[in-house]
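Enquirer: Here it is: the structure, laid out below.
Protein chains: 2
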Amino acid sequence: MHPYGDQAMSETYANGAGRRRASSADVAALAGVSRATVSRCFTDGASIKPETRDRILAAARDLGYEPNLLARMLNKQESNIIAVLTSDFANPFQPALMEALTGRMREEGLTPLLLKGQSATESADALIQLALSYRVAAIVVTVLNASHRMIARCFEADVPLIFLNRVAEDTPAISVCVNSRSGAHRIAEVLVEGGTTRIGMISGKAGSWTNSMRRGGFRQRLDELGYDVLTSIQADFSYEGGRVAALEMMDAYPRLNAIYACNDAMAFGAMDAIRYDRGRRVPDDIAVIGFDDVPVAAWGAYRLTTIHQPVAQLVEQTIHILKRPDRGLALSEQAFLHDGHFVQRLTTSPVKLGDGDTDERDPPPA
Amino acid sequence: MHPYGDQAMSETYANGAGRRRASSADVAALAGVSRATVSRCFTDGASIKPETRDRILAAARDLGYEPNLLARMLNKQESNIIAVLTSDFANPFQPALMEALTGRMREEGLTPLLLKGQSATESADALIQLALSYRVAAIVVTVLNASHRMIARCFEADVPLIFLNRVAEDTPAISVCVNSRSGAHRIAEVLVEGGTTRIGMISGKAGSWTNSMRRGGFRQRLDELGYDVLTSIQADFSYEGGRVAALEMMDAYPRLNAIYACNDAMAFGAMDAIRYDRGRRVPDDIAVIGFDDVPVAAWGAYRLTTIHQPVAQLVEQTIHILKRPDRGLALSEQAFLHDGHFVQRLTTSPVKLGDGDTDERDPPPA
DNA sequence: ACACGGCATGAACACCTTTGCAAACCTTTT
DNA sequence: AAAAGGTTTGCAAAGGTGTTCATGCCGTGT
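So the sequences go chain by chain: D and L.
Residue 345 in my numbering sits at position 345 of the first sequence, with consecutive numbering throughout.
Residues are numbered in my numbering as their position in the second sequence, beginning at 1, plus a constant of 1000.
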């Protein structure tokens, strides 16, 4: 209609209620150059005359312009957004992991897009689908499960999938994880060496890799040492689940003298059940041992003996993979297992320490 | 070089390592329609013949096509991505808030882009700048501070800014928050009514709105009741900070019989200092009261008397604002204050309950 | 037989950036 | 003075989508 259609249109939009953000075209017009030059002004390494650069920068400042990252990602076919899939913040290990992960990501210029599932058992497929639609650079999964079909789709789309804190077997996906099996072995040894062999085990959610390792590894080593668990209850990795399970165990097996909880949160529940619900003592009556070494485990009220997960190492490994030029797509190694070390505190009888273990029986100086 | 430069290039890319995802053009070609029709197929309410729709859907499935959300956002000038700015996962209140917030967002089809600052005192300006570059639909800030200049820039760009769990005064930004002042008033009343009036106060980070309210409100009401704090130490909202402060107080003021910590984490530290570092009793020797009612406050080891923050309500209010057609830009009301209620547990002498308060002196049934 | 309304579709433009290529400019050398 | 060489810049296309407008088709009512 209007001979200068374009011109007129942008004028109209600029005045309307939802006034448009300044684009590179606006800056270009004001500075008297082309859009391409404006673009070059914001990409370093591009050749541009210092004088015009200053002029453009001034114009950009006047208009409050800054590059539209969406358009840039679309054009360059690459993004610095990483989908982070998780489901559960209640387990205190998750916040600790998230803190480290998102902190390091920011330092490396990566931005996490947080996709939260409802429950740990839920499949992450829908969330992965969503992540692919956002054309993220990579996907990091912490607690959820994914179908083989969906994992395959990610790799078809050249989007690497990293399982953090869990191993995905028989898939092209990468896993970064603590060696839960060897940690569970150590726990079995500690309880036996400490002379507490009438053991109740509180395991976590069935179907989780973490749980089957922590559970299976413990049983295996205990068996090798010539013992067996007295009782075993499956809970859900939560404080309340651990508490209820411990109550049940104590009532059914009065001679129980040790509880191994497959994570710290359940161990805290068990300790509170022992001390406050039943009025018994830790470790004199019943020893307790956990797994994770979340920050609360060092608190005065618990001082929990446990296996420390090297969160910083796990995160560093993950970041390292993400920063590779291929973001880990061409990686030959699939699983990166890090060793957790044993931390001795006050909820078990003292045992001899191995290499890399730490002793915190004396509280840190005030 | 090559006479068919462009053609050859895209062929190369298509075959090489990073093969291109299917676009709507590919689907259109396969189904024998135009791109516009493919687009209509994925927007409901558009008129399209059922037969061709099926044909297009089949083609899309064969090619593994799904709409590119980046391109869509760029085109429609609207996004469902919300920037969530935070700094600290160590304080156990943050995970609880985050869990609720991100969970509800997902239910509403909003996707949080997580931008984490290094420390609570750091300015969020750089993160807000980044969020604006991503053209997010709105920005939710939890613990960080922002300059007036940057807040103004957000509103110039029509991006609403919501402060969650903190009030930003004298700005166009919206605040959703618990009424910390009235909560602090209640705490003062509880301690006085309980007969514990030789009080030490452990406050949080200076310069935070939350802290000045929780601190100022407490002092004010205490003054009105005819008392004053015995001592006051400024800490940093952390467990360890609370523990060290409590030790210092106990050593300097042997007759101290109550500690008010401006959040639960510091209260836990104080309790552990009292019980495990100094071997005294809570509440018999020293009463302790916190603020937040994080999940751990209900655990057997602490059973902390505190003020409950209605997390679900706060989140619901935030979601409600985000879902408004104007995302809250045209809101006349700036601050939404919700009342927290008093939760009585075992760390203070029992007092008469007011309206909406809850009593958890008896532990929940096993 | 013709005009008309409703529906389905395609062409073209817009969103905002980056980039390959070619043209224009400036400086220096022969 | 002109050619050579390097730097700076603009043009146009690409990246994938949504949307307006015009066109074509079909059926209906007169």
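Glycine included, each C-beta is placed from N, C-alpha and C at the ideal position.
1) Among D/V136, D/I233, D/Q344, D/T142, which residue has its Cα nearest to the Cα of D/I289?
2) If contact is defined by three or more beta carbon pairs under 8 Å, each pair taking one atom from either stretch, is the stretch 1227-1243 of chain L in contact with the stretch 1263-1272 of chain L?
3) Based on the DSSP output, what are the partners of L/H1338 in its beta bridges?
4) Give the single residue among D/L97, D/S208, D/H185 whose Cα lies nearest to the Cα of D/D293.
5) Over what stretch of residues does the alpha helix (DSSP H) that includes L/Q1094 continue unbroken?
6) So is D/S332 in contact with chain L if we call contact Cβ pairs under 8 Å?
7) Within its chain, find whatever has a CB closer than 6 Å to the CB of D/G356; leave out the 5 residues flanking it on each side and keep chain order.
8) Pick out the complete beta strand (DSSP E) segments inside the stretch 236-279 of chain D, 3 residues or longer, and give them in chain order.
9) Can you list, in chain order, the residues of its chain with a C-beta nearer than 7 Å to that of D/G64? Leave out the 5 residues immediately preceding and following it.
10) Just the Cα atoms here: how many angstroms apart are D/A273 and D/I202?
11) Under a Cβ-count criterion, where at least 16 other Cβ atoms within 10 Å of its own Cβ denotes burial, should L/S1180 be classed as buried or exposed?
12) Would you mind stating whether L/P1160 and L/G1279 have Cβ atoms separated by less than 8 Å?
13) With a cut-off of 8 Å, do at least 3 Cβ pairs link the stretch 1130-1146 of chain L to the stretch 1082-1089 of chain L?
14) Does the beta carbon of D/M98 come closer than 8 Å to any beta carbon on chain L?
15) Give a yes or no on whether 8 Å exceeds the smallest Cβ distance from D/R55 to chain L.
16) Pick from L/A1146, L/P1283, L/L1114: whose alpha carbon is nearest that of L/T1121?
17) DSSP three-state label for D/F218, please.
18) I'd like the ranges of any beta strand (DSSP E) spanning at least 3 consecutive residues and lying wholly in the stretch 5-88 of chain D.
19) Using a Cβ cut-off of 9 Å, which residues of the stretch 1250-1282 of chain L contact any Cβ in chain D, in chain order?
20) Run through DSSP, which three-state label would D/T415 get?
21) Grab the span of the alpha helix (DSSP H) containing D/T318 for me, first residue to last.
22) Spell out whether any CB of chain L is found under 8 Å from the CB atom of D/N211.
23) Residues bridged to L/F1163 by DSSP?
24) Should D/R198 and D/L230 be called a contact, given that it needs their Cβ atoms to be closer than 8 Å?
25) If contact means a Cβ-Cβ distance below 7 Å, which residues of the stretch 194-207 of chain D contact chain L?
26) In the DSSP assignment, what residue or residues form a beta bridge with D/I289?
27) Could you tell me the alpha carbon to alpha carbon distance between L/G1216 and D/S208, rounded to whole angstroms?
28) Helix or strand or just coil, what does DSSP make of D/L331?
29) Under the rule that 16 or more other beta-carbon atoms within 10 Å means buried, what is L/A1312, buried or exposed?
30) Quick one: using the 10 Å Cβ neighbour count with 16 as the cut-off for buried, is D/H148 buried or exposed?
31) Would a C-beta distance cut-off of 8 Å place L/L1113 and D/L110 closer than the cut-off?
32) Measure from the C-beta of L/L1132 to each C-beta in chain D and report whether the shortest distance is under 8 Å.
33) Helix, strand or coil: how does DSSP classify L/T1231 here?
34) Grab the span of the alpha helix (DSSP H) containing L/L1353 for me, first residue to last.
35) Check whether the Cβ atoms of L/T1348 and L/V1192 lie closer than 8 Å to each other.
36) Is the separation between the beta-carbon of L/A1025 and that of L/R1035 shorter than 8 Å?
Expert: According to the structure data:
1) Residue D/Q344 holds the alpha-carbon nearest to the alpha-carbon of D/I289 among D/V136, D/I233, D/Q344, D/T142.
2) Output reads yes: the stretch 1227-1243 of chain L touches the stretch 1263-1272 of chain L.
3) When DSSP reads this structure, L/H1338 sits in a beta bridge with L/V1178.
4) Of the listed residues, the one whose Cα sits closest to D/D293 is D/L97.
5) That run of the alpha helix (DSSP H) goes 1093-1107.
6) No, no contact with chain L.
7) So the qualifying residues of the chain are H341.
8) With a minimum length of 3 residues, the unbroken runs of beta strand (DSSP E) contained wholly in the stretch 236-279 of chain D fall at 258-261.
9) Scanning its chain for C-beta atoms nearer than 7 Å, with the 5 sequence neighbours on each side dropped, one finds around D/G64 the residues A22, in chain order.
10) Those two C-alpha atoms are separated by around 13 Å.
11) Per the 10 Å Cβ criterion, buried.
12) Not closer than 8 Å, so no.
13) They touch, by the three-pair rule.
14) Yes - at least one Cβ of chain L is within 8 Å of the one on D/M98.
15) Contact of D/R55 with chain L is not assigned, every C-beta pair being separated by 8 Å or more.
16) It is L/A1146.
17) In the displayed model, D/F218 falls within a helix according to three-state DSSP.
18) Whole beta strand (DSSP E) segments, 3+ residues: 81-86.
19) Listed in chain order, the positions of the stretch 1250-1282 of chain L with a beta carbon within less than 9 Å of a beta carbon of chain D are F1268, G1269, M1271, D1272, A1273, R1275, Y1276, D1277.
20) The requested residue 415 of chain D does not occur in the structure, where chain D is confined to residues 1 to 366.
21) 311-323 is the extent of the alpha helix (DSSP H) around D/T318.
22) Judged by the 8 Å Cβ criterion, D/N211 is not in contact with chain L.
23) The bridge partners DSSP lists for L/F1163 are L/V1141, L/S1175.
24) Yes.
25) Contact residues of the stretch 194-207 of chain D toward chain L are absent (C-beta to C-beta distance below 7 Å).
26) The partner list for D/I289 (beta bridge, DSSP) reads D/Y260, D/T305.
27) Those two C-alpha atoms are separated by around 48 Å.
28) Assignment of D/L331 by DSSP, reduced to helix, strand and coil, places it in the coil class.
29) By the neighbour-count criterion, in which 16 or more other beta carbons inside 10 Å mark a residue as buried, L/A1312 falls on the exposed side.
30) Its Cβ having fewer than 16 others within 10 Å, D/H148 is exposed.
31) No. Outside cutoff.
32) Judged by the 8 Å Cβ criterion, L/L1132 is in contact with chain D.
33) Three-state result, L/T1231: strand.
34) It is not in any alpha helix (DSSP H) - L/L1353 carries neither H nor E in the DSSP assignment.
35) No; because the gap between Cβ atoms is not below 8 Å, this pair is not in contact.
36) One thing to note: L/A1025 has its Cβ within 8 Å of the Cβ of L/R1035.
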